[in-house]
Every structure is written in structure tokens, then in C-alpha cells.
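> Counting from 162, one number per residue, gives the positions in the sequence shown under the working numbering. Quick reminder that beta carbons are idealized off the backbone N, C-alpha and C, glycines included. Quick one: the structure is below, and I'll ask about it shortly.
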Amino acid sequence: MVASQMGLCIICLKAPAAHVDHCHKTGRVRGVLCFNCNSAIGKLGDDPDAVRRAAAYLEGIAWKPTLVAPGVYQLPS
């Protein structure tokens, strides 16, 4: 599995893959991740919806307005 990932974490593609990740409900192995990515998805409760909301937040398309100029906010569409 690590060889098929070229030795890298399947999420960040930067750090060495050193931690076997698995589904806590089924026990099925999903892949091999770096420590930080494995911790991150664990802190998000292994919840794909929470991960999508986090990605939307980082991409600036979350619910909160974006400051575009002093006192001027843009709401997401």
C-alpha cells in the first residue's frame, strides 16, 4: 500500500506515509497517512461532511462573510 502511494501520505502528498488509517466502524484499512493528516481526520470525527465543511471554509466559500475592503463584506453565493 505504501509503495502504491509512492511512500507519501495520500492526503497531503508531502509527508512520509507512516500511520495506517482505518475505519473505526468496520476496521477496514483505508490507506497510510502521515501523523498530521491522520490526526486531522480523527479530530474531525472521521466524518466526510465535517471534512467537506473544513475544505469549504479554507477555500473561502463557507457561510461567513469575507472582508473585501475596510467595512465591506462579501457574502457567499
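Contact between the stretch 165-174 and the stretch 184-197: three or more CB pairs below 8 Å?
Verdict: yes, contact present.
> Under the rule that 16 or more other beta-carbon atoms within 10 Å means buried, what is Cys-198, buried or exposed?
Per the 10 Å Cβ criterion, buried.
> Looking at the secondary structure, which residues open and close the beta strand (DSSP E) in which Val-212 lies?
Looking at the DSSP string, Val-212 is not in any beta strand (DSSP E); the run it does join, the alpha helix (DSSP H), is 209-219.
> Give the secondary structure of Ala-201 by DSSP, where H, G and I count as helix, E and B as strand, and everything else as coil.
Residue state, collapsed to three classes: helix.
> What residue range is occupied by the uninterrupted beta strand (DSSP E) comprising Thr-227?
Segment 227-230, the beta strand (DSSP E) holding Thr-227.
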